[in-house]
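Enquirer:
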Amino acid sequence: MTRPLPECAQRGLLDLVVAQLHEELGAEVTSVALYGSVARGKARPDSDIDLLVVLRHPPASYYERLRPIFEVVRQARRILAEQGRLDCPQINFLVLSEEEARQNRGIYLDMVEEAILLVDRGDFLGTKLAEMRRRLEELGAKRIAIGEGWYWNLKPALQPGETVIL
Numbered sequence: 000m001t002r003p004l005p006e007c008a009q010r011g012l013l014d015l016v017v018a019q020l021h022e023e024l025g026a027e028v029t030s031v032a033l034y035g036s037v038a039r040g041k042a043r044p045d046s047d048i049d050l051l052v053v054l055r056h057p058p059a060s061y062y063e064r065l066r067p068i069f070e071v072v073r074q075a076r077r078i079l080a081e082q083g084r085l086d087c088p089q090i091n092f093l094v095l096s097e098e099e100a101r102q103n104r105g106i107y108l109d110m111v112e113e114a115i116l117l118v119d120r121g122d123f124l125g126t127k128l129a130e131m132r133r134r135l136e137e138l139g140a141k142r143i144a145i146g147e148g149w150y151w152n153l154k155p156a157l158q159p160g161e162t163v164i165l
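Numbering (numbering that gives the first Met the number 0), first residue to last: 0 to 165.
1. Tell me the rounded alpha-carbon separation between residue 65 and residue 163.
2. Does the distance from the C-beta atom of residue 47 to that of residue 90 stay below 9 Å?
3. Throw me the rounded Cβ distance for the residue 33 and residue 115 pair, which I believe falls under 8 Å.
4. Any heavy atom of the ligand COA inside 8 Å of the beta-carbon of residue 70?
5. Roughly how many angstroms lie between the CA atoms of residue 24 and residue 57, to the nearest whole one?
6. So the candidates are 111, 119, 120; which of them puts its Cα closest to the Cα of residue 142?
7. I'd like the ranges of any beta strand (DSSP E) spanning at least 3 consecutive residues and lying wholly in the stretch 28-82.
8. Under 7 Å Cβ to Cβ from residue 154, same chain only, skipping five residues before and after it: list those, please.
9. Apart from the five residues just before and just after residue 119, which ones in its own chain have a Cβ nearer than 7 Å to its Cβ?
Okay, structure coming up:
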C-alpha cells in the first residue's frame, strides 16, 4: 500500500489530479487511493485510471460530490494540454464520505492487495483495508487467478447454510 506509483503513461495526469484535489478541496480530502491496472503496474497506454476518493463531509447528492472532482480533472487536462499532452486517459472516480468508507465494500476486495494510497490522512483508508485483509485471512479466503483477472473464494471451508460476513 505504501509502494511507489509505477511509471506509466497515466503518471502525469495522476500527479496533477492529486495536486489539484489538494488545491481545490484541501483538508476535505481524507484519502485518495489508486487501484486497478495502473496500481498493479499492468496499465497499457490507453488504460483508464481508477481512484477512490474519501471526503470528510461531502454533499449527500453524489452528483454534487462529483462537481469539484470534475473541475479538478478539467484543470489537470488543461495544464497537460498546455504542455502538448493531449492523450489524457479516462479517470473513474468513486467518491465516498468517511462514514461510507468505514463500511465494508466490494471494491475493497479489489483494493486490499494492490491499492496505492496517494493520500491517507491519519491512515484512515490504510487501516480499513488492513482490517479487511485480516478478516480475509481469518476466513482463509483465497484469491484465485483466472486469465487476466481473479475471483475470491471467501471461505473455502464454507458449509451449506453458513453465512460469510466480511
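C-beta atoms are modelled at their ideal positions from N, C-alpha and C, and glycine is treated no differently.
All figures in this text were calculated on a predicted structure; none of them were measured in a lab.
Expert: The structure says:
1. As a working mapping, residue 65 is identified with position 66 in the sequence shown. As a working mapping, residue 163 is identified with position 164 in the sequence shown. Approximately 33 Å between the Cα atoms of the pair.
2. As a working mapping, residue 47 is identified with position 48 in the sequence shown. As a working mapping, residue 90 is identified with position 91 in the sequence shown. Residue 90 sits close to residue 47, with the two beta carbons spaced by under 9 Å.
3. As a working note, residue 33 is residue 34 in the sequence shown. As a working note, residue 115 is residue 116 in the sequence shown. With a Cβ gap of about 5 Å, residue 33 and residue 115 count as contacting.
4. Ligands displayed in this structure: none; no statement on the ligand COA is therefore possible.
5. Residue numbering aside, residue 24 sits at position 25 when the sequence shown is read from its first letter. Residue numbering aside, residue 57 sits at position 58 when the sequence shown is read from its first letter. C-alpha separation (whole angstroms): 10 Å.
6. Reading the sequence shown from its first residue, position 143 is the one you call residue 142. Here the closest residue by C-alpha is 111.
7. 28-34, 48-54
8. Position 155 of the sequence shown, counting from 1, holds the residue named residue 154. Closer than 7 Å at the Cβ level, and outside the excluded window around residue 154, lie 138, 139, 140, 163.
9. Your numbering for residue 119 matches position 120 in the sequence shown. Result list for residue 119: 30, 125, in chain order.
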